[in-house]
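Numbering (this note's numbering), first residue to last: 703 to 817. Structure, as structure tokens:
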Amino acid sequence: MTGKVTGIQPYGAFVALDEDTQGLVHISEITYGFVKDVSEFLSVGQEVEVKILEIDEDAEKISLSIRALQERPATLRKKDAPPRKSLQDRVDESDANGFNSLKDKLQDWIEQSGQ
């Protein structure tokens with residue numbers, strides 16, 4: 703949906719969807735990454751593509767997002783992160799590091815106490 707920026711505040715930008723309806727693009731929904739100053743990304747009168755995130759009829763508020771229509775940057779994608787170990791692999795490692803049953807460790811302790 704296309705809208706026009708009607709106002710900029712430190713916490714986001716107001717966008718008119720039509721003559722009677724406007725919503726807020728919160729600063730966190732402008733783009734991926736850190737946004738220190740909304741006016742570095744948007745200006746009053748600028749036309750922007752937005753996605754409606756939520757309509758709160760009781761409070762008469764519409765939450766919008768520009769970021770939701772952008773492709774997630776490669777640096778933020780989880781597929782680039784190293785694969786996590788499965789729970790079973792972590793349990794097996796714990797066993798190797800001293801979390802054996804008492805029965806298995808008892809003989810070792812008896813031998814160690816005699817030294």
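Every residue, glycine too, gets a C-beta built ideally from N, C-alpha and C.
Cα-Cα separation between residue i and residue j, rounded to whole angstroms
i    : j    : result
I729 : K787 : 35 Å
E742 : L755 : 23 Å
G714 : P775 : 21 Å
I757 : E731 : 15 Å
V727 : V707 : 9 Å
Span of the beta strand (DSSP E) around residue i
i    : result
K706 : 704 to 711
K807 : Element bounds for K807: not the beta strand (DSSP E) but the alpha helix (DSSP H), 804 to 815.
V823 : Any answer about residue 823 is impossible in this case: the structure gives the chain only from 703 up to 817.
F743 : First-last for F743: undefined, no H or E at that position.
Residue i and residue j closer than 8 Å at C-beta
i    : j    : result
T777 : E749 : no
I768 : E751 : yes
Q724 : V717 : yes
Nearest residue (CA-CA) to residue i, options the options
i    : options                : result
G735 : A770, D791, Q809, G725 : A770
G747 : E762, L766, L719, T733 : L719
Those residues which DSSP pairs with residue i across a bridge
i    : result
E751 : T704
S767 : K753
Q724 : A718
D758 : K763
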